[in-house]
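Working notes for the structure below.
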Amino acid sequence: MPLRWIEDAAHHDVVLDALARARVSLWIATANLKDTRLEAPIGSVARARRRYVSIVERFDELRGRGVELRVLHGGPPSGPFRESLAQRPALSPSHDWLRQCPRVHLKIIAVDGQDLYLGSANLTGAGMGAKGAGRRNFEIGVSTTDHVLIDAAQRRFDAIWTGGECGSCRVRSTCPRPLDTSSDTPPTSDPDRGPRRARTASAGGRVKAVPAPSRAKANAPPSGSRNPSGSKNDVAPRRTKKNGAAHLERADEKSGSARRRRRT
Numbered sequence: 005m006p007l008r009w010i011e012d013a014a015h016h017d018v019v020l021d022a023l024a025r026a027r028v029s030l031w032i033a034t035a036n037l038k039d040t041r042l043e044a045p046i047g048s049v050a051r052a053r054r055r056y057v058s059i060v061e062r063f064d065e066l067r068g069r070g071v072e073l074r075v076l077h078g079g080p081p082s083g084p085f086r087e088s089l090a091q092r093p094a095l096s097p098s099h100d101w102l103r104q105c106p107r108v109h110l111k112i113i114a115v116d117g118q119d120l121y122l123g124s125a126n127l128t129g130a131g132m133g134a135k136g137a138g139r140r141n142f143e144i145g146v147s148t149t150d151h152v153l154i155d156a157a158q159r160r161f162d163a164i165w166t167g168g169e170c171g172s173c174r175v176r177s178t179c180p181r182p183l184d185t186s187s188d189t190p191p192t193s194d195p196d197r198g199p200r201r202a203r204t205a206s207a208g209g210r211v212k213a214v215p216a217p218s219r220a221k222a223n224a225p226p227s228g229s230r231n232p233s234g235s236k237n238d239v240a241p242r243r244t245k246k247n248g249a250a251h252l253e254r255a256d257e258k259s260g261s262a263r264r265r266r267r268t
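Mapping of the sequence shown onto my numbering: residues 5 to 268, in sequence order.
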């Protein structure tokens, strides 16, 4: 089984090699996704000027070459990544190549179904060795061309990517967009868990849950409704302890009046 040991700064070469060699497909899984800066391609003007380019720019090039690009991530992309993405209209809509699952923590890079990286490094500058020696993360991993391992890794990736794990997921209510939905808008109900709570954005940009109205409020009569035993303009009284006490007082007054009439 051919394996190659990858350590610390060597991860940078793994990413560059994958981006340069991909001809059919490039599948990447990462927990964190940031706007990693990489060396420009060999032979480019940017390379001659020793310029580092956004990985989003490299993704755009891959898509332009017809490479099937899949990027599966766990946490939300960083702000700079989203800014770089907004500057590349050809990459939108992004959900056909960029998908999020909050449970994703695996790190995979699969190139053309022939080469595979497995390890600890996220797709970030510190993880992929793009930072300086005193700032980058300590990472290890292996790369292999073993077809058994590659097939197993890609089957696992594809099961998550296509929503195969969503049906039994216990954190579905916190997922921004379940991957088993066919449209851009997530479903508002789950047949196994009942209605999902509505979600609305607060002023601070955070998403907060809005609970459904209680059963008592849902069944309460509307304000100003007619009393079934009264006239058209009667309003049904609310049943409270105070009203109950007043009712007993009125009953006592009526019985006292009846006794006084009998005595006279």
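A virtual CB, placed ideally from N, CA and C, is assigned to each residue, including glycine.
Which same chain residues, not among the five before or five after leucine 20, have their C-beta less than 7 Å away from its C-beta?
Leu42, Glu43
My guess is that glycine 138 and isoleucine 10 are in contact by the Cβ rule of under 8 Å, so how many angstroms apart are they, rounded?
Incorrect: roughly 20 Å between the Cβ atoms, too far for contact.
Which residue from Asn141, Glu169, Gly168, Phe161 puts its Cα closest to that of alanine 14?
Asn141
Please classify glutamine 275: does DSSP put it in a helix, a strand, or coil?
Within the shown structure, residues of the chain are numbered from 5 to 268, placing residue 275 beyond reach of any answer.
If contact is defined by three or more beta carbon pairs under 8 Å, each pair taking one atom from either stretch, is the segment 150–167 in contact with the segment 51–68?
no
So, at 7 Å on beta carbons, what are the nonlocal neighbours of aspartate 12 in its own chain, with the 5 sequence-adjacent residues on each side left out?
Gly133, Arg140, Phe142, Glu143
Would DSSP call serine 124 helix, strand or coil?
coil
Contact check, leucine 37 vs threonine 128, beta carbons under 9 Å:
yes
Euclidean distance between Cα positions of aspartate 194 and phenylalanine 85
Since pLDDT at aspartate 194 reaches only 37, below the 50 mark, its modelled position is unreliable, and no value is offered.
Considering only their Cβ atoms, is the gap separating tryptophan 31 from arginine 74 smaller than 9 Å?
yes
Tell me which residue opens and which closes the beta strand (DSSP E) that alanine 33 is part of.
Counting along the chain, the unbroken beta strand (DSSP E) around alanine 33 starts and ends at 29–34.
For glutamate 87, collect the residues of the same chain with a Cβ closer than 8 Å to its Cβ; drop the 5 residues on either side in sequence, then sort them by chain order.
Asp39
Is it buried or exposed, arginine 8, if we count other Cβ atoms within 10 angstroms and call 16 or more buried?
exposed
When DSSP labels each residue in this structure, what does valine 60 get in the three-state scheme?
Note: valine 60 maps to helix in three-state DSSP.
Cross-strand partners of valine 146 (DSSP beta bridge)
Trp9, Leu122
How is arginine 174 classed by DSSP in three states: helix, strand or coil?
coil
Please classify isoleucine 113 as buried or exposed, where buried requires at least 16 other C-beta atoms within 10 Å of its C-beta.
buried
Compute the Euclidean distance between the alpha carbons of glycine 167 and aspartate 155, then round it to the nearest angstrom.
18 Å
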